[in-house]
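Student: Can you keep this structure in mind? I'll have questions shortly.
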Amino acid sequence: MRTHTCGELGSQHIGQQVTLCGWVDSYRDHGGGIFIDLRDRYGKTQIVFDPDVGRETLELARSLRSEFVISVRGKVAARPEGTVNAKIATGAIEVRPSELLLLNKSQTPPFQPGGMELPNEDLRLKYRYLDLRRGEMQATLQLRHRITIGMRKYFDEHGFLDVETPMLGRSTPEGARDYLVPSRVHNGSFYALPQSPQLYKQILMIAGYDRYVQVARCFRDEDLRADRQPEFTQLDVEMSFVTAEDIISLIDGLMARLAKEILGIDLSLPLPRMTYDEAMERYGHDAPDLRFGLEIVDLTDIAAKCDFRVFRATADEGGQVRGINAKGGAAAYSRKGIDELTNFIVQDFGAKGLAWFKVEDGGTLASPIAKNFSPEILQQISDRMQAEPGDLLVFVADTFEVSCKALYGLRKRFGVDLKLYDPKSKHFSWIVEFPMFAKDEETGGWAAMHHPFTSPRPQDIELLKTDPGKCRAQAYDLVINGFEAGGGTIRIHDPGVQQQAFELLGISPELQRERFGFLLDALAFGAPPHGGIALGLDRVVMIFGGLDNIRDCIAFPKTQKATDLMTEAPGRVDARQLRELGIQIRDPAPR
RNA sequence: GGGGGUGUAGCUCAGUUGGUUAGAGCGCUAGCCUGUCACGCUAGAGGCCGAGGGUUCAAGUCCCUUCACCCUCGCCA
216 MRTHTCGELG SQHIGQQVTL CGWVDSYRDH GGGIFIDLRD RYGKTQIVFD
266 PDVGRETLEL ARSLRSEFVI SVRGKVAARP EGTVNAKIAT GAIEVRPSEL
316 LLLNKSQTPP FQPGGMELPN EDLRLKYRYL DLRRGEMQAT LQLRHRITIG
366 MRKYFDEHGF LDVETPMLGR STPEGARDYL VPSRVHNGSF YALPQSPQLY
416 KQILMIAGYD RYVQVARCFR DEDLRADRQP EFTQLDVEMS FVTAEDIISL
466 IDGLMARLAK EILGIDLSLP LPRMTYDEAM ERYGHDAPDL RFGLEIVDLT
516 DIAAKCDFRV FRATADEGGQ VRGINAKGGA AAYSRKGIDE LTNFIVQDFG
566 AKGLAWFKVE DGGTLASPIA KNFSPEILQQ ISDRMQAEPG DLLVFVADTF
616 EVSCKALYGL RKRFGVDLKL YDPKSKHFSW IVEFPMFAKD EETGGWAAMH
666 HPFTSPRPQD IELLKTDPGK CRAQAYDLVI NGFEAGGGTI RIHDPGVQQQ
716 AFELLGISPE LQRERFGFLL DALAFGAPPH GGIALGLDRV VMIFGGLDNI
766 RDCIAFPKTQ KATDLMTEAP GRVDARQLRE LGIQIRDPAP R
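In the numbering used here, the protein residues as written are 216 to 806.
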């Protein structure tokens, strides 16, 4: 139907007879001549109808409107002098058609894909096919394609085998809430959509497929965020006979390749690494944004000997007094602004309050609470924080956990508010040596930080018995710009260690059999040492594309309430469908 | 489930202390215009002010309830 696309014609095509197809991006009717920008996903080309084309064609051209689909056959011509448009790739030429075909009309669109104003996101989602015609969306999906292809190529070159795993599996107790699929054949039983292909890829290792890769769709029925969708895509990898080092350097290589090909950035390898403990100490989070400084400073020792009751009591009770020096931030935050920061950490992280000082010109620490401190203590605080005039010092006195959360939240805000980094820059790093277990707030028992098959570091195996909280895992997270872009572990292949892990997690032998029986069986038939990683493809695309939410890099994303505004999924189903499944809805929601 | 933000014309938004007939730009419709490319000019149509209730002589504006979308805590790797 077409000989060329709307993005490829240039001076070298002048004089050629071509046929283009596309959408009417805009039309400019000058009475005599009519100009049309014809758009497809490759670009835009100007079509010029002048009276020579004949009355009939001119009339048809005059009737064209936004988003009509047309085909034009004609000659590529150089634009007259002075009318070249340097802003578009095809701006040196135009097509002078001899023939115009109207392939399809369009209703007046609710918004113009070629327009400059971005409509509200709910409208974009409802008319996603119009939104996807926009250049930005097309560029993003193309970026996603290039990243996916780059990943597949890299792993193919490294001898990996792409193996597909089932979507209909069984529900597992750990981790996120499952999306369930009722079985018609087995009334009352349910499949679960995979949260990740975790167990299957381990089985593949046991089966001898020592290098596995898959671009895998995953499902988690949890609340959404700007960087979280209920269905998302992982680049899933697993290898046998490897150490954590092998996995990390493999992914280092992938990131270096992608950064070079996609962003034109040279990454120096190996990528920097930081332990989990260090990340929590210095940044209060296991996925810190390392594009800027503003590290957390511990003041607990000074607090213990000061007269300010809040500080001393916290220190005496085993809590922590830690702070951040928001460099040059004194002017950026008024009393009201600081009240907002306080409200933010109290509301969102359960902090009790925010102590703060502004550093005045002479170096004096000014604050409503300053009178509670002796000059010597104030000096010590100032020294410890490396305070300089114009700085804003903020402190949180609380448990280690709360101070981490609150200071992490504050640090992120300072980073944005004080413009401490170039938003286009990228910082890659690894966080390693995660704890094996974290205290479960509800049950008071231990919960797996990753999943129950994560292997402890060899030197920490004894700690499983003596001090599980100190036990560190062979786990590693890839962090880019403060986002967890991926994470993985070396798995347990020793049945004895696996039993200890299950016991600590309070998973009874019965439950083990019921949920993981097949994996435990498989592990008993010659399981090789193995481990792997999964990268969040959507997040990688989001970060590489400099986007601020994950929906913009997914063709058909869901809203925060996990609905699809275009298809209106999820929807009610027929009574007959429910009967077949043996399902009865107890309290049907209205509508 | 908690906190916050937004919702006014098809779209993006303005709308003062509650005040009489709710505006702009874009888009749309019609007409004019051969070199525009955010074309220009003229005229016109277009409003359940998210929905429901209340206060008031009077509500886009104040109060209550509710819905949708977004950010966030919890939740989730």
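Using N, Cα and C, we set each Cβ at its ideal position, and we do this for glycine too.
For residue 562, does the count of other Cβ atoms within 10 angstroms reach 16, so buried, or fall short, so exposed?
Tutor: Numbered from its first residue, the first sequence carries residue 562 at position 347. When all chains shown are included, residue 562 counts as exposed.
Student: Is the beta carbon of residue 611 closer than 8 Å to that of residue 541?
Tutor: The count along the first sequence starts at 1 and reaches residue 541 at position 326. The count along the first sequence starts at 1 and reaches residue 611 at position 396. Not a contact, by the Cβ cut-off of 8 Å.
Student: Per DSSP, what are the beta-bridge partners of residue 316 in this structure?
Tutor: What you label residue 316 is simply residue 101 of the first sequence in a count that begins at 1. According to DSSP, which records beta bridges pairwise, residue 316 is partnered with 286.
Student: Buried or exposed: residue 798, going by 16 or more other Cβ atoms within 10 Å of its Cβ?
Tutor: Taking the first sequence and counting its residues from 1, the one referred to as residue 798 is at position 583. Residue 798 is exposed by the Cβ-count criterion.
Student: Using DSSP with H/G/I as helix, E/B as strand and the rest coil, what is residue 379?
Tutor: Looking up residue 379 in the first sequence gives position 164. Here residue 379 sits in coil by DSSP.
Student: Classify residue 427 as buried or exposed, calling it buried when 16 or more other Cβ atoms lie within 10 Å of its own Cβ.
Tutor: In the first sequence, residue 427 corresponds to position 212, counting from 1. Flag for residue 427 reads buried.
Student: Our contact map puts residue 535 next to residue 615 with C-beta atoms below 8 Å; I'd like the distance itself, whole angstroms only.
Tutor: Working through the first sequence from its first residue, we reach residue 535 at position 320. Working through the first sequence from its first residue, we reach residue 615 at position 400. That belief holds up - the Cβ atoms of residue 535 and residue 615 are roughly 5 Å apart, short of 8 Å.
Student: Assuming residue 304 contacts residue 293 under a Cβ cut-off of 8 Å, what Cβ separation, rounded to an integer in Å, is found between them?
Tutor: Indexing the first sequence from 1 puts residue 304 at position 89. Indexing the first sequence from 1 puts residue 293 at position 78. No, residue 304 and residue 293 are not in contact; Cβ-Cβ is about 15 Å, not under 8 Å.
Student: Buried or exposed, going by whether 16 or more other CB atoms sit within 10 Å of the CB of residue 396?
Tutor: Taking the first sequence and counting its residues from 1, one reaches residue 396 at position 181. Flag for residue 396 reads exposed.
Student: Which of the three DSSP states is assigned to residue 695 in this structure?
Tutor: Taking the first residue of the first sequence as 1, we reach residue 695 at position 480. Strand at residue 695.
Student: Here's the rule I'm using: 16 or more other beta-carbon atoms within 10 Å means buried, otherwise exposed. How should residue 216 be labelled?
Tutor: Here the question's residue 216 lines up with position 1 in the first sequence. Exposed, because fewer than 16 other Cβ atoms sit within 10 Å of the Cβ of residue 216.
Student: Between residue 700 and residue 693, what straight-line distance do the alpha-carbon atoms span, to the nearest angstrom?
Tutor: Walking along the first sequence from the start, residue 700 turns up at place 485. Walking along the first sequence from the start, residue 693 turns up at place 478. Near 5 Å, if we compare the C-alpha coordinates of residue 693 and residue 700.
Student: Mind the definition here: the region 735–754 touches the region 332–341 only if three or more C-beta pairs lie below 8 Å; say whether that holds.
Tutor: As far as the Cβ criterion goes, the region 735–754 does not touch the region 332–341, which means the pair count is below three.
Student: Could you give the distance in angstroms between the alpha-carbon of residue 577 and the alpha-carbon of residue 564?
Tutor: For the purposes of this step, residue 577 is taken as the residue at position 362 of the first sequence. For the purposes of this step, residue 564 is taken as the residue at position 349 of the first sequence. In a straight line, the C-alpha of residue 577 is about 34 Å away from that of residue 564.
Student: How about residue 345 and residue 324: are their beta carbons less than 8 Å apart?
Tutor: Stepping through the first sequence from its first residue, residue 345 is reached at position 130. Stepping through the first sequence from its first residue, residue 324 is reached at position 109. Contact flag set, yes.
Student: Between the C-alpha atoms of residue 463 and residue 742, what's the straight-line distance to the nearest angstrom?
Tutor: Walking along the first sequence from the start, residue 463 turns up at place 248. Walking along the first sequence from the start, residue 742 turns up at place 527. Rounded to whole angstroms, residue 463 to residue 742 spans 22 Å at the Cα level.
Student: Taking its Cβ as the centre, do 16 or more other Cβ atoms sit within 10 Å of residue 792, making it buried, or is it exposed?
Tutor: Here residue 792 corresponds to residue number 577 of the first sequence, with the count starting at 1. It counts as exposed.
Student: Spatial neighbours of residue 619 within its chain, please: C-beta separation below 6 Å, excluding the five flanking residues on both sides.
Tutor: Position 404 of the first sequence holds residue 619. Excluding sequence neighbours, residue 619 sits near 495, 499.
Student: Residue 411: buried (16+ other C-beta within 10 angstroms of its C-beta) or exposed?
Tutor: By one-based count along the first sequence, residue 411 stands at place 196. Under this definition residue 411 is a buried residue.
Student: Between the Cα of residue 547 and the Cα atoms of 634, 288, 337, which residue gives the shortest distance?
Tutor: The residue labelled residue 547 in the question sits at position 332 within the first sequence. Comparing Cα positions, the closest option is 634.
Student: To test your reading of the DSSP string, which unbroken alpha helix (DSSP H) runs of 4 or more residues are found completely within the region 223–307?
Tutor: Runs found: 270–277.
Student: If you drop the 5 nearest sequence neighbours on each side, which residues of the same chain put their C-beta closer than 8 Å to that of residue 385?
Tutor: Your numbering for residue 385 matches position 170 in the first sequence. Around residue 385: 406, 407, 730.
Student: Suppose you measure from the CA of residue 704 to the CA of residue 744; what does that come to, to the nearest Å?
Tutor: Residue 704 sits at position 489 when you count from the first residue of the first sequence. Residue 744 sits at position 529 when you count from the first residue of the first sequence. Taking the straight line joining both Cα atoms gives about 12 Å.
Student: Can you give me the start and stop residues for the beta strand (DSSP E) that residue 600 sits inside?
Tutor: As a position in the first sequence, residue 600 is number 385, starting the count at 1. Counting along the chain, residue 600 falls outside any beta strand (DSSP E), and DSSP gives it neither H nor E.
Student: Using alpha carbons as the reference points, say which of 402, 399, 440, 455 lies closest to residue 419.
Tutor: One-based indexing of the first sequence puts residue 419 at position 204. Selected option, being the one with the closest Cα: 455.
Student: Which same chain residues, not among the five before or five after residue 664, have their C-beta less than 8 Å away from its C-beta?
Tutor: By 1-based counting over the first sequence, the position of residue 664 is 449. These residues qualify, in order along the chain: 649, 650, 651, 652, 653, 688, 690.
Student: Which full runs of the beta strand (DSSP E) of 3+ residues lie inside the region 547–591, going along the chain?
Tutor: For the region 547–591, whole beta strand (DSSP E) runs of length 3 or above, ordered along the chain, are 570–574.
Student: If you run the structure through DSSP and keep just helix, strand and coil, what is residue 722?
Tutor: For the purposes of this step, residue 722 is taken as residue 507 along the first sequence, with counting starting at 1. In this structure, residue 722 counts as coil in the three-state DSSP scheme.
Student: Do residue 629 and residue 735 come within 8 Å of each other at the CB atom, strictly closer than that value?
Tutor: As a working note, residue 735 is residue 520 in the first sequence. As a working note, residue 629 is residue 414 in the first sequence. No, these two residues do not count as a Cβ contact at 8 Å.
Student: Identify which residue in 337, 259, 353 has its Cα closest to the Cα of residue 309.
Tutor: Numbered from 1 along the first sequence, position 94 holds the residue referred to as residue 309. Considering only alpha carbons, the answer is 259.
Student: Roughly how many angstroms separate the alpha carbons of residue 753 and residue 430, rounded to a whole number?
Tutor: The residue given as residue 753 occupies position 538 in the first sequence. The residue given as residue 430 occupies position 215 in the first sequence. About 11 Å.
Student: Relative to the alpha-carbon of residue 702, which residue among 502, 297, 228 has its alpha-carbon at the smallest distance?
Tutor: Position 487 of the first sequence holds residue 702. Here the closest residue by C-alpha is 502.
Student: Looking at C-alpha atoms only, which residue of 488, 756, 655 is the closest neighbour of residue 719?
Tutor: Position 504 of the first sequence holds residue 719. Of 488, 756, 655, the residue nearest in Cα terms is 655.
Student: Quick one: what does DSSP say residue 716 is sitting in, helix, strand or coil?
Tutor: Here residue 716 is taken as the residue at index 501 of the first sequence, counted from 1. Three-state result, residue 716: helix.
Student: What do you get for residue 364, buried or exposed, if any count of 16 or more other CB atoms within 10 angstroms of its CB means buried?
Tutor: Numbered from its first residue, the first sequence carries residue 364 at position 149. Exposed: under 16 other Cβ atoms inside 10 Å.
Student: Looking only at DSSP bridge pairs, what is residue 390 linked to?
Tutor: Locating residue 390 in the first sequence gives position 175, counting from the first residue. For residue 390, which the question treats as bridged, DSSP gives no partner whatsoever.
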